[in-house]
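Undergrad: Numbering (the working numbering), first residue to last: 576 to 825.
(1) For residue 773, name the three-state secondary structure that DSSP assigns.
(2) If we ignore side chains and look at the alpha-carbon of each, how far apart do residue 693 and residue 699 end up?
(3) Just checking, does the region 658-670 make contact with the region 609-617 on the three C-beta pairs under 8 Å criterion?
(4) For residue 744, which of 754, 759, 734 has the nearest alpha-carbon?
(5) For residue 586, which residues from the same chain have a beta carbon less than 6 Å from its beta carbon, with the 5 sequence-adjacent residues on both sides left out?
(6) Can you look up residue 590 in the DSSP assignment and give me helix, strand or coil?
(7) For a quick check, are the C-beta atoms of residue 767 and residue 737 less than 8 Å apart?
(8) Drop a sphere of 10 angstroms on the beta-carbon of residue 778, count the other beta-carbons inside from all chains shown, and report buried for 16 or more, exposed for fewer.
(9) Roughly how many angstroms separate the alpha carbons of residue 819 and residue 624, rounded to a whole number?
(10) Are at least three pairs of beta-carbons, each pair with one atom in the region 714-732 and one in the region 748-759, less than 8 Å apart?
(11) What would DSSP say about residue 566, mapped onto helix, strand or coil?
(12) Taking just the CA atoms, how far does residue 790 sit from residue 573?
(13) Just verifying my parser: in three-state terms, what is the DSSP assignment at residue 715?
(14) Taking only runs of the alpha helix (DSSP H) that begin and end inside the region 621-652, which ones reach a length of at least 4 residues, in chain order?
(15) Rounded to the nearest angstrom, how far is the Cβ of residue 702 from that of residue 683, given a contact under 8 Å?
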């Protein structure tokens, strides 16, 4: 960063946490630099932008870096009798790049598992402590859903209406209502109407293989590029195992 202004804060990684931290600090006047090992996502290469999206999604776009092998990836070990299927993206937006958009809040009881269930430990804070920040984050991210869930705590209205259920969802809804069973549309980080300069979801399906229209609220489009942000992302030199230096980062 020679010759450039000194940063007040250096954030390593631009995933859900790093991007949100960078944005909020910059909004408070801090000069923030966020370093990311991966690159910006080229939306023309997203699986859902191509007819063979299922093949691309399980190879070039695979959640496991050992399968995907982008230039910014590195092998991740997963050994033992029950190896973990690794889910990790090195890119601006981090592992939100491959998520499906489900965006639930924790329930009040999740913060008191020791007191209520006798397992784990209670959190040092409550749902009520976090609720205002949930609301702020949902506005930044662009979350769709419906307030008023009778099985959940009171909450502010969500920024966007819930996503359409689709015909299979409508059949399930009708069956649940016929039987008198509870159901409620889940919160999703999907722009269901034009929002913050982004187009509404066109209901193409399977968000995990990328959204060419940026309607899925991955951190690279919802947080690192939020209006008013003064975050500056460095582009450090990155060397491949072959010794070739390239510019990588956001």
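Think of the CB as a built atom: it goes at the ideal place given N, C-alpha and C, for glycine as much as any other residue.
TA: Looking at the atomic coordinates:
(1) Locating residue 773 in the chain shown gives position 198, counting from the first residue. It is a strand residue.
(2) Sequence index remark: in the chain shown, residue 693 carries index 118 (1-based). Sequence index remark: in the chain shown, residue 699 carries index 124 (1-based). Taking the straight line joining both Cα atoms gives about 16 Å.
(3) yes
(4) Translated into the one-based positions of the chain shown, residue 744 becomes position 169. With distances taken between Cα atoms, residue 744 lies closest to 759.
(5) Position 11 of the chain shown, counted from the start, is the residue given in the question as residue 586. Cβ within range, chain order: 593, 596, 597, 609.
(6) In the chain shown, residue 590 corresponds to position 15, counting from 1. Residue 590: coil per DSSP, three-state reduction.
(7) The residue you call residue 767 lines up with position 192 of the chain shown. The residue you call residue 737 lines up with position 162 of the chain shown. It is a contact, given that the beta carbons lie within the stated cut-off.
(8) Translated into the one-based positions of the chain shown, residue 778 becomes position 203. Exposed, since its Cβ has fewer than 16 Cβ neighbours within 10 Å.
(9) Here the question's residue 819 lines up with position 244 in the chain shown. Here the question's residue 624 lines up with position 49 in the chain shown. A caution first: residue 819 carries a pLDDT of 39, below 50, which makes its placement in the model unreliable, though a value can still be read off. Roughly 30 Å separates the two Cα atoms.
(10) yes
(11) The structure shown has nothing for residue 566, since the chain only spans 576 to 825.
(12) Any question about residue 573 goes unanswered here, given that the chain covers just 576 to 825.
(13) As a working mapping, residue 715 is identified with position 140 in the chain shown. DSSP places residue 715 in the helix class (H, G or I) of the three-state scheme.
(14) Look at the region 621-652 and you find these whole runs of alpha helix (DSSP H), each 4 residues long or longer: 628-633, 640-643.
(15) If you number the chain shown from 1, residue 702 lands on position 127. If you number the chain shown from 1, residue 683 lands on position 108. Residue 702 to residue 683, Cβ: 4 Å. Contact.
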